[in-house]
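A quick write-up on the structure given underneath.
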Amino acid sequence: METTVTSTRTTRPGGRARIPERTLRTDRWWVGPILTTLGLTTFLVYGAVRVFQQDHYWVQEHHYLTPFYSPCLAAQCVPDASLFGRVPWEFPPFFPYALLSLPILLLFRVTCYYYRKAYYRSIWQAPTACAVREPHRSYTGETRPLMLPQNGHRYFFYVAFAITVINTWDMLVPFLHGTEGGFGIGLGNLIMLVNVLMLWGYTLSCHSCRHIMGGRLRSFRRNPVRYWMWSRISTLNNRHMWFGWLSIASLMTTDAYIALVSSGTITDLRILN
Ligand code: FES
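Position in the sequence shown counted from 1, then plus 564, gives you the numbering used here.
Quick look at the structure:
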């Protein structure tokens, strides 16, 4: 195998650039990977605890349903919390009530182009960062069996889109359940509204969504509507990373608020009725 050596760096065809130094960087390049690891770990641990808790997911008075339990399918679900009905059997302990949506949403996030970059760098360390020596000797891309599901991202997008529609419905219904019945607004409504906006921002700014809208077109001029939508989605796409993090934050905030109200720890702050 031909090997090219340039002073202290080694490059092998098909391999990784090698540098004997631990890093050539002089800036604080490690701050980003550490924050990314902390953020993703926090979300995964928090989500797992809440999903397996099987409690405090629903506020009967105002019909708040946390997104971690939507759609609620288990026989144990509160009837009003199950918009699409329940299966006739009870789920075993520690089984997610939202059994259909959560695995898809997890796969949607895990295969997301931005998150891939984030955890490849910060957790997998392939590569850790530019001009930082990485621990892996070879690069196989996403061709190995374990990595093949990464290529199914566009299909997870379709289902995630439908689940975001369900989340939107979950957000609208509580506006019709004020304290004395009828229309009402509480802090919970506003938190759920912001969450749904962030979820739509994340879903619509997806690279697959952009490709579905504007890809494979021979002429934008002959498809003005798709071009217009592709342009808007491209603008959102520039902020996809931010929508990724903001939607994680809004999901946890929404769930935590509903859990606190549901458990009686706090009462919902009512703005109108
Ligand atoms: Fe991130 Fe599709 S690229 S959700």
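We put the beta carbon where it would ideally sit given N, CA and C, even for glycine. Note that the coordinates shown come from a computational prediction; the quantities given were computed from them, not determined experimentally.
Extent of the continuous beta strand (DSSP E) run through Arg834: To locate residue 834, count along the sequence shown from 1; it is residue 270. First-last of the beta strand (DSSP E) with Arg834: 834-836.
Contact under 7 Å by Cβ, Arg777 with Trp794: For the purposes of this step, residue 777 is taken as residue 213 along the sequence shown, with counting starting at 1. For the purposes of this step, residue 794 is taken as residue 230 along the sequence shown, with counting starting at 1. The sequence shown places Met at residue 777, not Arg. Yes, Cβ-Cβ distance for Met777 and Trp794 is below 7 Å.
Per DSSP, cross-strand counterpart(s) of Trp622: As a first step, residue 622 is located in the sequence shown; it is residue number 58 there, counting from the start. Answer by DSSP bridge pairing, in chain order: Leu629.
Start-end ranges of the alpha helix (DSSP H) lying completely within the region 707-793, minimum 4 residues: 717-736, 751-768, 771-778
Nearest candidate by alpha-carbon position, reference Tyr679, set Ser814, Tyr766, Arg780, Ser826: Position 115 of the sequence shown, counting from 1, holds the residue named residue 679. Closest by alpha carbon: Tyr766.
Residues that Val595 bridges to, as DSSP identifies them: By one-based count along the sequence shown, residue 595 stands at place 31. Val595 pairs with nothing; no bridge assigned.
Phe784 burial status per 10 Å Cβ neighbour count (16 or more: buried): In the sequence shown, the residue the question calls residue 784 occupies position 220. Phe784 should be labelled exposed.
Contact with chain D by Val623, beta-carbon distance below 7 Å: Although the question refers to chain D, the structure presented lacks it and comprises just one protein chain.
Paired residues, beta bridge with Thr587 - DSSP: Taking the sequence shown and counting its residues from 1, the one referred to as residue 587 is at position 23. Val696.
For Trp809, the three-state DSSP class (helix, strand or coil): In the sequence shown, residue 809 corresponds to position 245, counting from 1. Residue state, collapsed to three classes: helix.
As assigned by DSSP and simplified to three states, the class of Val609: Here residue 609 refers to the residue found at position 45 of the sequence shown. Residue state, collapsed to three classes: helix.
Straight-line gap, Arg701 to His627 (C-alpha atoms, nearest Å): Locating residue 701 in the sequence shown gives position 137, where the first residue counts as 1. Locating residue 627 in the sequence shown gives position 63, where the first residue counts as 1. Cα to Cα, the separation comes out at about 53 Å.
heavy atom of the ligand FES below 6 Å from His700 C-beta: Looking up residue 700 in the sequence shown gives position 136. Incorrect: His700 has no Cβ contact closer than 6 Å to the ligand FES.
Exposure label - Ser634; buried when at least 16 CB within 10 Å: Here residue 634 refers to the residue found at position 70 when the sequence shown is read from its first residue. Burial call: buried.
Buried versus exposed call for Ile715 [16 or more other C-beta atoms within 10 Å across all chains shown]: Reading the sequence shown from its first residue, position 151 is the one you call residue 715. The amino acid occupying residue 715 in the given sequence is Asn; Ile does not appear at that position. It is exposed - the Cβ of Asn715 has fewer than 16 other Cβ atoms within 10 Å.
Any non-hydrogen atom of the ligand FES within 6 Å of Ser783 CB: Locating residue 783 in the sequence shown gives position 219, counting from the first residue. Result no, Cβ not under 6 Å from the ligand FES.
Three-state secondary structure (DSSP) of Thr675: Counting from one through the sequence shown, the residue named residue 675 turns up at place 111. DSSP places Thr675 in coil when its eight states are reduced to three.
DSSP state of Leu670 mapped onto helix, strand, coil: Position 106 of the sequence shown, counted from the first residue, corresponds to residue 670. It is helical.
Met762, buried or exposed, once every other Cβ within 10 Å from all chains shown has been counted against 16: The residue labelled residue 762 in the question sits at position 198 within the sequence shown. Met762 comes out buried.
Neighbourhood of Leu810 by C-beta, 6 Å cutoff - its chain only, sequence neighbours within 5 removed: The sequence position of residue 810 within the sequence shown is 246, counting from 1. Only Met762 meet the Cβ criterion.
Cβ contact (3+ pairs, closer than 8 Å) linking the region 659-676 and the region 717-728: yes
Spatial distance of Ser769 from Arg834 (CA atoms): Working through the sequence shown from its first residue, we reach residue 769 at position 205. Working through the sequence shown from its first residue, we reach residue 834 at position 270. Near 33 Å, if we compare the C-alpha coordinates of Arg834 and Ser769.
Sequence-distant residues of the same chain with beta carbon closer than 6 Å to His775, five excluded per side: Walking along the sequence shown from the start, residue 775 turns up at place 211. Excluding positions up to five away in sequence, the list is empty.
Cα-Cα separation, Thr570 to Gly596: On the sequence shown, position 6 is the one that residue 570 refers to. On the sequence shown, position 32 is the one that residue 596 refers to. With a pLDDT of 43 at Thr570, under the threshold of 50, the modelled position of that residue is not reliable, and the figure given next carries that caveat. Spanning the two alpha carbons is a distance of roughly 29 Å.
Local Cβ density within 10 Å of Val609, reported as buried at 16 or more and exposed below that: Indexing the sequence shown from 1 puts residue 609 at position 45. Exposed.
Rounded separation between Ile730 and Leu588 - CA only: On the sequence shown, position 166 is the one that residue 730 refers to. On the sequence shown, position 24 is the one that residue 588 refers to. One C-alpha to the other measures close to 49 Å.
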